[in-house]
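Structure first, then comments.
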Amino acid sequence: MPDVAEPTVLPTPDISKQDAPKEIREPGYLVICWDDPINTMIYVTHVFQKIFGWTREVAEKRMLEVHNNGKSVLARESMEKAEYYVHQLQMYCLHATMEKADA
Amino acid sequence: VTLLSADKAAGKFTFRFEQAEREWFRHILERYPVQQTPLRRINEDVAVNKLLEKALAESRKRLRSDAELFLKAGKIEIDPAFNEYWDLTLTAAEIEELLQILNNVRVGLWIQLGKPEPSIEELLPTKPSEDQVRAHMIMHVSAAWQGTLMSAVDPESTQA
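As given, the protein sequences belong to chains B and L, one line each in that order. My numbering puts the first sequence at residues 1 to 103. My numbering puts the second sequence at residues 1001 to 1160.
Now the structure itself:
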């Protein structure tokens, strides 16, 4: 009869929060831009390009999300950075808010 | 208002205003800021919200001072036909500030008019009051100048 090997107990990997992806570690804040009937599409696209450094194509896509869906999540950032973006967007009179992201 | 010259390498843009346009420019800039409260609450946290609104008020105060500088800048030019113009040279950063000022006045007036939808430009009351007509004119002029400013820094922006 062959020897039965003792089951090897592998060490449980230490999955700490530090190894988790950044989004799980720090859910952060969502920067949201809401649609309105007053700001023109061209203006909103321009502002997105300026603030986020996006190409026109990317900025237009996000602008259309705002226009068609009523809102768009523009960024997920740390609180400080989200505050910075919201401040910038508000100075251009876009309707921007920030809310805590779900983990 | 027309773009007279654009030196992108130096980041300088010169705009020409006719006399009446200069008066409109002064009239609009003197109104800034019209919109002082965000349309939506920025954040659910009362303390964060208060802090953000305070920071915005400070930025608007700084922009108010810059608006004064814009009004004092520029120079009068007279063409061979004795037409008087006002030429204003702006940097790209100043153009962004001016866009913020114009849009604040425009959005602020729209809010004062009761946020008509789709917008006052397309929806004038049948018998508008003098204030409504003035607000409509300012909003229209501001939007047109925003287009001029944006196409100066990015000529393709308004070709959509």
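C-beta atoms are modelled at their ideal positions from N, C-alpha and C, and glycine is treated no differently.
| Item | Value |
| --- | --- |
| So, V1001 (chain L) versus W1145 (chain L), is the Cβ gap smaller than 7 Å? | yes |
| Quick check on M41 (chain B): buried or exposed, where buried means 16 or more other Cβ atoms within 10 Å of its Cβ? | exposed |
| Under 8 Å Cβ-Cβ, which residues of chain L neighbour K50 (chain B)? | E1096 |
| Between N1049 (chain L) and chain B, is the shortest Cβ-Cβ distance under 7 Å, so that the two count as touching? | no |
| Using a Cβ distance threshold of 8 Å, determine whether the region 1077-1093 of chain L contacts the region 1125-1135 of chain L, with at least three qualifying pairs required. | no |
| Can at least three beta-carbon pairs, one atom from the region 38-57 of chain B and one from the region 1002-1013 of chain L, be found at a separation below 8 Å? | no |
| Starting from D1087 (chain L) and walking both ways along the beta strand (DSSP E), at which residues does that stretch end? | 1084-1091 |
| Candidates L:N1043, L:F1017, L:L1098, L:R1064: which alpha carbon is nearest D1079 (chain L)'s? | L:F1017 |
| Pull the bridge partners of C33 (chain B) from the DSSP assignment, please. | B:S72, B:A96 |
| Have a look at L101 (chain B) and D1045 (chain L) and give me their C-alpha separation to the nearest angstrom. | Correcting the residue identity first, residue 101 (chain B) is Ala in this sequence and not Leu. In a straight line, the C-alpha of A101 (chain B) is about 14 Å away from that of D1045 (chain L). |
| Name the two residues that bound the continuous beta strand (DSSP E) containing E1077 (chain L). | 1075-1078 |
| Please report the distance separating the alpha-carbon of W54 (chain B) from that of M63 (chain B). | 12 Å |
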